[in-house]
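Which chain is which? The protein sequence lines are A and B, in order. For this note's numbering, add 94 to where a residue sits in the first sequence, where the first one is 1. For this note's numbering, add 2 to where a residue sits in the second sequence, where the first one is 1. C-beta atoms are modelled at their ideal positions from N, C-alpha and C, and glycine is treated no differently. What follows is one structure encoded as structure tokens, with my remarks underneath.
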Amino acid sequence: AQSVTQLGSHVSVSEGALVLLRCNYSSSVPPYLFWYVQYPNQGLQLLLKYTTGATLVKGINGFEAEFKKSETSFHLTKPSAHMSDAAEYFCAVSDSWGKLQFGAGTQVVVTP
Amino acid sequence: DAGVTQSPTHLIKTRGQHVTLRCSPISGHKSVSWYQQVLGQGPQFIFQYYEKEERGRGNFPDRFSARQFPNYSSELNVNALLLGDSALYLCASSFFSGSPGNEQFFGPGTRLTVL
């Protein structure tokens, strides 16, 4: 069985500061990992995904994530936060059929 | 191109009633999945359909059922509603099923409130 744990249900960052959202996974097979963003009253939008190959994955809106097998982690970062980054972020792992197992989410607040 | 569409956007029901939620996938996508997102939690997988066949079912009671039509649209049905069924119901579509790296595109969801 697969699972993900997101550390920190709320993160507050200053505009222009580094955004770091933590995700650790558990998987009995090589994992396929995803980060989604959810803006208020909207569905989920894919930021980036890791399947195989390069462990540093670049996504949309300046986000990137690094797959670290030894640490079973897939942390999401953005060098400089923007007010528009305020949203909820979900880490997810896929099973072999494409069923997504999501973490509990991290709410990001960006302060001026 | 239109994204995944869901109807209705909001719904209020009372305990014991039945509800039907609808989803239209992106044109060309043959797989539809349903997720339940309770307030403050991540989405939980309910069903996956591909080419009108059920390909996966999450840990939900038999009160939850779904189907996929020949045009690949889908319905989620919930019988005997409970207060705990109040949630945002998300539909996601993808071209394939059975591929772990397959990107799923999510609709805006249907907000169900059970009173």
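Are the C-beta atoms of residue i and some chain A residue less than 8 angstroms apart?
i: B/Gln70; result: no
i: B/Phe66; result: no
i: B/Pro110; result: yes
i: B/Glu55; result: no
i: B/Glu77; result: no
i: B/Pro102; result: yes
i: B/Phe62; result: no
i: B/Ser88; result: no
i: B/Gly58; result: yes
i: B/Gly30; result: no
i: B/Gln106; result: yes
i: B/Ser96; result: yes
i: B/Gln43; result: yes
i: B/Ser26; result: no
i: B/Ser9; result: no
i: B/Gln38; result: no
i: B/Leu92; result: yes
i: B/Gln50; result: yes
Please identify the residue among the options whose C-alpha is closest to the C-alpha of residue i.
i: B/Ala89; options: A/Asp179, A/Phe161, A/Glu165, A/Gly137; result: A/Gly137
i: B/Ala94; options: B/Gly86, B/Gln39, B/Thr16; result: B/Gln39
i: B/Lys32; options: B/Val6, B/Gly42, B/Ile48; result: B/Val6
i: A/Tyr130; options: A/Cys117, A/Val123, A/Ser122, A/Pro124; result: A/Cys117
i: A/Gly192; options: A/His169, A/Lys162, A/Phe128; result: A/Phe128
i: A/Thr145; options: A/Asn155, A/Ser164, A/Phe168, A/Phe157; result: A/Phe168
i: B/Phe62; options: B/Gly30, B/Val116, B/Gln50; result: B/Gln50
i: B/Pro72; options: B/Leu83, B/Gln43, B/Asn79, B/Gly30; result: B/Gly30
i: A/Val98; options: A/Asp179, A/Pro134, A/Phe196, A/Asp189; result: A/Phe196
i: B/Gly42; options: A/Ser188, A/Phe184, A/Thr205; result: A/Phe184
i: A/Pro206; options: A/Leu170, A/Pro125, A/Tyr119, A/Ala180; result: A/Ala180
i: A/Pro124; options: A/Ser178, A/Phe161, A/Thr171, A/Pro134; result: A/Phe161
i: B/Asn79; options: B/Gly58, B/Lys15, B/Arg59, B/Arg24; result: B/Arg24
i: A/Leu194; options: A/Thr171, A/Leu141, A/Tyr126; result: A/Tyr126
Given a threshold of 16 other Cβ atoms within 10 Å of its Cβ, counted over all protein chains shown, does residue i qualify as buried or as exposed?
i: B/Phe98; result: exposed
i: A/Gln132; result: buried
i: B/Gln106; result: buried
i: B/Gly111; result: buried
i: A/Ala95; result: exposed
i: A/Lys143; result: buried
i: B/Gly44; result: buried
i: A/Ser120; result: exposed
i: B/Pro102; result: buried
i: B/Asp87; result: buried
i: B/Pro10; result: exposed
Of all the CB atoms in chain B, is at least one closer than 8 angstroms to the CB of residue i?
i: A/Trp191; result: yes
i: A/Gly137; result: yes
i: A/Thr198; result: First, the amino acid is wrong: residue 198 of chain A is Ala here, not Thr. By this cut-off, A/Ala198 is an interface position.
i: A/Tyr126; result: yes
i: A/Lys162; result: no
i: A/Lys143; result: yes
i: A/Phe184; result: yes
i: A/Leu115; result: no
i: A/Ser106; result: no
i: A/Ser188; result: yes
Which whole-angstrom value describes the C-beta separation of residue i and residue j, a residue pair presumed to lie in contact below a C-beta threshold of 8 angstroms?
i: B/Gln46; j: B/Tyr52; result: With a Cβ gap of about 20 angstroms, B/Gln46 and B/Tyr52 do not count as contacting.
i: A/Glu182; j: A/Thr200; result: 7 angstroms
i: A/Ala111; j: A/Ala175; result: 5 angstroms
i: B/Gly100; j: B/Gln8; result: That pair is no contact at about 24 angstroms.
i: B/Thr22; j: B/Glu56; result: Incorrect: roughly 17 angstroms between the Cβ atoms, too far for contact.
i: B/Leu85; j: B/Gly18; result: Actually they do not touch by this definition, with Cβ atoms about 11 angstroms apart.
Could you check whether the Cβ of residue i sits closer than 8 angstroms to any Cβ belonging to chain D?
i: A/Ser121; result: In the displayed structure, chain D is absent; the protein chains listed are A and B.
Quiz item: Taking contact to mean at least 3 C-beta pairs separated by less than 8 angstroms, is the region 145 to 160 of chain A in contact with the region 103 to 112 of chain A?
Solution: Touching, no.
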